[in-house]
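Step one of this worksheet: look at the structure below.
Protein chains: 4
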Amino acid sequence: MLAIGLSAMTAYTIPDMQRSAGIWLAACLWACLAYFAIESAVRARLAMQSGGAKSYLLSGYGIVDLVGIFAVPIGLLCGLDSPTAWLWASLWILKLAQISPGFAQLGRVFVLEAKPLASVFAVFLIILFLSSAVMFLAERGQQPNAFGSLPEALWWAVVTLTTTGYGDKVPITQLGRLVSGVVMIGGIATFGLCTGIIATGFAAETRRRNFLQTWDLVSKVPFFQSLDPSAITEITHMLRRLEVPERTAIIRRGKVGDCMYFIAAGEVQVDVKPEPVRLGAGTFFGELALLGDSVRTANVTTTMPSTLLILDLADFRTLTAHHPDLKRAIDAEGQRRMNENKQLREVPRSGAVPS
Amino acid sequence: MLAIGLSAMTAYTIPDMQRSAGIWLAACLWACLAYFAIESAVRARLAMQSGGAKSYLLSGYGIVDLVGIFAVPIGLLCGLDSPTAWLWASLWILKLAQISPGFAQLGRVFVLEAKPLASVFAVFLIILFLSSAVMFLAERGQQPNAFGSLPEALWWAVVTLTTTGYGDKVPITQLGRLVSGVVMIGGIATFGLCTGIIATGFAAETRRRNFLQTWDLVSKVPFFQSLDPSAITEITHMLRRLEVPERTAIIRRGKVGDCMYFIAAGEVQVDVKPEPVRLGAGTFFGELALLGDSVRTANVTTTMPSTLLILDLADFRTLTAHHPDLKRAIDAEGQRRMNENKQLREVPRSGAVPS
Amino acid sequence: MLAIGLSAMTAYTIPDMQRSAGIWLAACLWACLAYFAIESAVRARLAMQSGGAKSYLLSGYGIVDLVGIFAVPIGLLCGLDSPTAWLWASLWILKLAQISPGFAQLGRVFVLEAKPLASVFAVFLIILFLSSAVMFLAERGQQPNAFGSLPEALWWAVVTLTTTGYGDKVPITQLGRLVSGVVMIGGIATFGLCTGIIATGFAAETRRRNFLQTWDLVSKVPFFQSLDPSAITEITHMLRRLEVPERTAIIRRGKVGDCMYFIAAGEVQVDVKPEPVRLGAGTFFGELALLGDSVRTANVTTTMPSTLLILDLADFRTLTAHHPDLKRAIDAEGQRRMNENKQLREVPRSGAVPS
Amino acid sequence: MLAIGLSAMTAYTIPDMQRSAGIWLAACLWACLAYFAIESAVRARLAMQSGGAKSYLLSGYGIVDLVGIFAVPIGLLCGLDSPTAWLWASLWILKLAQISPGFAQLGRVFVLEAKPLASVFAVFLIILFLSSAVMFLAERGQQPNAFGSLPEALWWAVVTLTTTGYGDKVPITQLGRLVSGVVMIGGIATFGLCTGIIATGFAAETRRRNFLQTWDLVSKVPFFQSLDPSAITEITHMLRRLEVPERTAIIRRGKVGDCMYFIAAGEVQVDVKPEPVRLGAGTFFGELALLGDSVRTANVTTTMPSTLLILDLADFRTLTAHHPDLKRAIDAEGQRRMNENKQLREVPRSGAVPS
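Protein chains in written order, with this note's numbering: chain A, 88 to 442; chain B, 88 to 442; chain C, 88 to 442; chain D, 88 to 442.
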């Protein structure tokens, strides 16, 4: 719906389209607006029931919803012509921030790294200003049109320092070119600093976030309860969370497996013969591929929306090296399952769960 | 003031503005100059009282102050016309380096990584020179204007190697384009090296700086005194320093909390009923949200400028897993506070401090 | 063959070449096609013997092979003119993905980091849309040709946000330039985020992959069997795998050595006098340079394709510091070899293995 | 000399300069050539005495020297006109690789990361080829000059994929622009991968190199001999090497100190009253600032070229937390020095070494 709305709005600004199909595009835009209004109303009612109107309105969600609905009508009321008013519909793109996960994470990186990023921005401004002052002096004689005032030189400096390089203003004097070269190299260095800061912050934030998300789930898996707290911390850093919808294949028989799964919530079905087995929250599967040969021995699919914790082969080995008792417990369970599985093949009986 | 001064100076270089509002802009510039002169004089006097005139003049601060004050008047005395002389005011931008924090940190990264950065710069120069020599040979026949001499080719190489790409000189021969492609890919690699070096250095420097800043504060919190030195080192790496001005809300009741706070200096007020409680330096708060459910139970605001040490939820869990006694101590304190809190609700009495 | 085919195809699109040498190029292209068809047929037969036709066809390999063979003939049958149909041969470039190692690794990074990358892409789209809407408003009056509709403005925004900067559309109004500057800086930040995410993911993936590749090999070296599991995990993280073809020099006498080698599979020949010694899988060599002076004492070459595990000098020292018994074992073996070596120089006898 | 030579060569290619000052420039170039020839001859003789002519000639050094000397004369003999022959002098820039340190380090990163970089390059080529094929189809109708053949489209793709963006070829069709946008985003992703790989490799290589450089020096400092091997490994990772020339001030009295120094080789002089004290290899200084207040108490200068090992304050604290005996030893020495220092102020006697 978002894609349709934005496409229609974009098309509406093309004079040809407006003439030939303006009425249809406008209808489409009004339909989108109506859809968003209804969607927001539903969301607002839900939010008010749980939290109160004020907190909803002040949250990012509420503001984006409000702006999305009222910007265009207000524009039209203010007497803007139709295509210009509909331009406000470009604010609908902010709904992407509502949909896509991990916005909070990116934002946190910028907040935590605000100080060094501000320093880099200050360096950026200093290079910008000094270089454009020199450039103005060097080039105004030769190119009075391109470098006739400091704002013009500043524009050149921004374009150059970000290594965009439109080419609308190009230095031609020797001094100008020398300064230009320094600015470009400065641009690369600024770039590098920026990237370095963000990369450092992002790595720390990712680790932290993953730890927090996993911690609560780990505490729900009985298998981990017997471990001492330090081991739980270690395993929490290793596990990765995976949300799986209903009826999704997680393991396919015959594929090479390089991880095992703990079920934090939900249920999976293991397709063993003679009849499939169901595993609920707190159990694990997929460990056979890590213990013996690496080929999966059965299909595993979810029966309801589930949250799984993935333990990678590399981490599994590190972990079991540090905690031999954990390995022994998994080994025992795996052995038990394999035996049951063998028996079953001989004398079909109750459920068994290899994978 | 800095922004006003620089804007006025920028506007003063536009011929139109100069004609129509030159007198006002000049007045504004003189005012800024006067302001900076007075500010510098105050700072200089303070510096001289504490450290001595010489060290002030030789420090970055002193030089920036001096240049900011005297550059323009000297320019005017030397007979430059007014707008050109005021261009020197662009040096005021250097005051940004005085204001913004973390300049020392960025500088240290460049100093420590000077050797590998010099190597990258050497690679840069080698690619630059060799490619422009080849380019000069390849293109001078076809484009005698654009590639008529080696300096012209060098200019092209700088613009291309930094991936700026003005487009004022573009190779048209097959050989020239091949070399061009290699130079561009070389540019990306150089860029990558640069970024890699800076990112590596920055990560190390950030860790080091944070440790040093936090260490002194940690030693002032009595709660940590009982820990053995190795645990103090560990916790110091985890804490983050936060300077908070007076009367600032730190915790809001009902919000989800993901960190606890130690007060290194200052005082906070916890708004519990029947009457608020004040916590001074050396105490901690916000631990209830980490121990039980994650919702904050009271507002906390500073009563004076304070320095807090933040312990993140993820780090809190890792830490208490490694040091069970620390967890026990925090648990006990939290329990005590909750009990007191409950009692208070029944029989209003003296201060209690949930959060 | 791939290079020849693609060159011929490229040349075939140049009108001049087509006229003068069209027949030869077409012949060359048909030859390449035939070669690829035969190669694919061989591969397909092998795959079918081992795995079954279906899994081959569905694998990346099978699809690339099929597309490479049938795209051009189908194009010709559909009535496309010859050069246009041969353009489909550009799909041959996908064979590079079959040849080059590490594609799976890069792909895994993108899959694991899909969430944050999606967030960055959402940020990208939001900046793109909002900036082009503002730009359209700001510039359409002054430049009705360049910014006459929103798609035109979007094109400008993409070119600017990626810091490509063709210069075909350049803002000239003050507002346009201001927005432009913000977009460029936004571009750098997006870039930085992108790089930070990928760098973080890549570092984790590299570590994981190396661990898995090495683990299986380590378990085959008897020398490591005596270590406890935790030490094996540690050494596995340190070793680096190296595939060496037959008859390749690994160590050259007189060179400075900074690593030792464990033979996971294959055989090497150590050129000691009076007659060379052969070392098989499970043994190690090159340790003398790490223990005493750092100069290699003999040439070592492979006699068959071998898999070596490299232990770097820095890691060797860390490892032996943590596991003194490991150092003692290597010391003993080294001593034994040196003694044998000395004896041999006096009384030529059976094989000895210095390096 | 290198700078002069290259400048002269560059100037020699400018037609104006050649006419007016050609004779002087040629003289200057011949002088440089003579200088390099003599320098190389000296170096070659030294190398031959130590290693043998063959290894010198095959080393990077020898080849660069030879090329630098013979390229221009051979060019002249082959009948090239003078400015063109002198262009070969641009190979002199390779001498930078001889001078600048850390080239080996950068090279090693590329060698170790060769596999993933090759994969990225393959991705680069795949995007390049496919996008230029699509572009050729999309744009050849509208712009037969700019996109008339596949090589032209390939040139556009290189310029776009590296985000250089000359603007000499710009897509104008809708499809072309869409593909263009994808290519630009692909360029950013490729860039990010490249940077990520290099950053990961560089971080590992830096750590490794620093460890190796420091290890040998650490083993020479008697103070560290008493530590167990695992502690030596830890401290080796923390120390940073510093080469200091003769008569250089290392510590200035009154400055804030954040590191201590171990002398691996050389000698320093501590300016304490009544007479300075000299400290030789194996001793340490600067520890007082880390133990008590952070202000340096005496000037320290080198008396000969020295190699120092720097222990940062943050690392000092971590280290002493892990190894209390180390702290005790440094404490004792510091105490002894302070006492001696006090005594000396009362009764001038033999040398004492505060800092």
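For every residue, glycine included, the Cβ atom is placed at its ideal position computed from N, Cα and C.
Check                                                                                                                                                         : Outcome
Step through the CB atoms of chain D and report whether any lies within less than 8 Å of the CB of C/Trp111.                                                  : no
Can you name, in chain order, every residue of its own chain whose Cβ lies under 7 Å from the Cβ of C/Phe289, other than the five neighbours on each side?    : Val196
Quick one: residues in its chain with C-beta nearer than 6 Å to the C-beta of B/Ile337, no 5 flanking neighbours on either side, listed in chain order?       : Val387
Could you name the residues of chain D that B/Leu217 contacts, counting a contact when the two beta carbons are closer than 7 Å?                              : Ser177 and Ile180
Under the criterion of a Cβ to heavy atom distance below 7 Å, does C/Gln229 qualify as lining the ligand FAD?                                                 : By its list of ligands, the structure shown contains no ligand whatsoever, and the ligand FAD lies outside what it can speak to.
Give the interface partners of A/Ala276 over in chain B, defined as CB-CB distance under 9 Å, in chain order.                                                 : Phe197, Leu204, Cys281 and Ile285
Can you say whether B/Met88 is buried or exposed, counting buried as having 16 or more other CB atoms within 10 angstroms of its CB?                          : exposed
Using DSSP with H/G/I as helix, E/B as strand and the rest coil, what is D/Val210?                                                                            : helix
Of all the options C/Gly149, C/Val331, C/Pro363 and C/Thr370, which has the alpha carbon lying nearest to the alpha carbon of C/Val308?                       : C/Thr370
If you reduce the DSSP assignment to three classes, tell me which class D/Phe234 lands in.                                                                    : coil
Strictly below 9 Å CB to CB, what residues from chain A border D/Gly254?                                                                                      : Gly252, Tyr253 and Gly254
Helix, strand or coil for A/Val357 per DSSP?                                                                                                                  : strand
Specify the secondary structure class of B/Ile41 as computed by DSSP and reduced to three states.                                                             : Since the first and last residues shown for chain B are 88 and 442, residue 41 of chain B lies out of range.
So, helix, strand or coil for B/Ser393, using DSSP?                                                                                                           : strand
Roughly how many whole angstroms lie between the Cα atoms of D/Ala385 and D/Ala90?                                                                            : 41 Å
Indicate the three-state DSSP secondary structure (helix, strand or coil) for A/Glu330 in the structure shown.                                                : strand
Check the C-beta distance from C/Arg296 over to C/Gln192 and give it rounded, since I have them as a contact under 8 Å.                                       : 6 Å
Give the residues of chain D in contact with C/Thr384, contact being defined as C-beta atoms less than 8 Å apart.                                             : Going along chain D, no residue has its Cβ under 8 Å from C/Thr384, so there is no contact; the nearest lies around 17 Å.
In whole angstroms, what separates the C-alpha of D/Glu333 from that of D/Val359?                                                                             : 19 Å
For the beta strand (DSSP E) containing A/Asn365, list its first residue and its last residue.                                                                : Checking the displayed sequence, the identity of residue 365 of chain A turns out to be Arg instead of Asn. That run of the beta strand (DSSP E) goes Val364 to Leu366.
What are the start and end residues of the alpha helix (DSSP H) that includes D/Tyr99?                                                                        : Leu89 to Tyr99
Residues in the same chain with beta-carbon distance under 7 Å from C/Leu400, minus the five sequence neighbours each way, listed in chain order, please.     : Asp345, Cys346 and Leu377
If we ignore side chains and look at the alpha-carbon of each, how far apart do C/Glu292 and B/Pro361 end up?                                                 : 55 Å
Mapping DSSP to helix, strand and coil, what is D/Thr388?                                                                                                     : strand
Could you check whether the Cβ of A/Val257 sits closer than 8 Å to any Cβ belonging to chain B?                                                               : yes
Along the chain, where does the alpha helix (DSSP H) containing B/Tyr148 start, and where does it finish?                                                     : Gly147 to Leu164
Which of the residues in the segment 220-231 of chain D, read from start to end, lie with their CB under 8 Å from any CB of chain C?                          : Ala220, Phe223 and Leu224
Sorted by chain position, which residues of the same chain lie with C-beta nearer than 6 Å to D/His410's C-beta, five sequence neighbours on each side aside? : Ala318
Starting from C/Ile350 and walking both ways along the alpha helix (DSSP H), at which residues does that stretch end?                                         : It is not in any alpha helix (DSSP H) - C/Ile350 instead sits in the beta strand (DSSP E) that spans Cys346 to Ala352.
Would you report the Cα separation of B/Ile285 and A/Leu199, rounded to the nearest angstrom?                                                                 : 19 Å
Would you identify the three-state DSSP class for D/Val382, choosing helix, strand or coil?                                                                   : strand
In three-state terms, what does DSSP make of C/Ile337?                                                                                                        : strand
Would you say B/Pro316 reaches chain F, if we count a Cβ-Cβ gap shorter than 8 Å as a contact?                                                                : Reference to chain F is not applicable here, since the protein chains of this structure are A, B, C and D.
Output yes or no for whether 8 Å exceeds the beta carbon distance between A/Asp255 and C/Val257.                                                              : yes
DSSP state of C/Val198, grouped into three classes?                                                                                                           : helix
So, at 7 Å on beta carbons, what are the nonlocal neighbours of D/Trp173 in its own chain, with the 5 sequence-adjacent residues on each side left out?       : Met96, Tyr99, Leu116 and Val159
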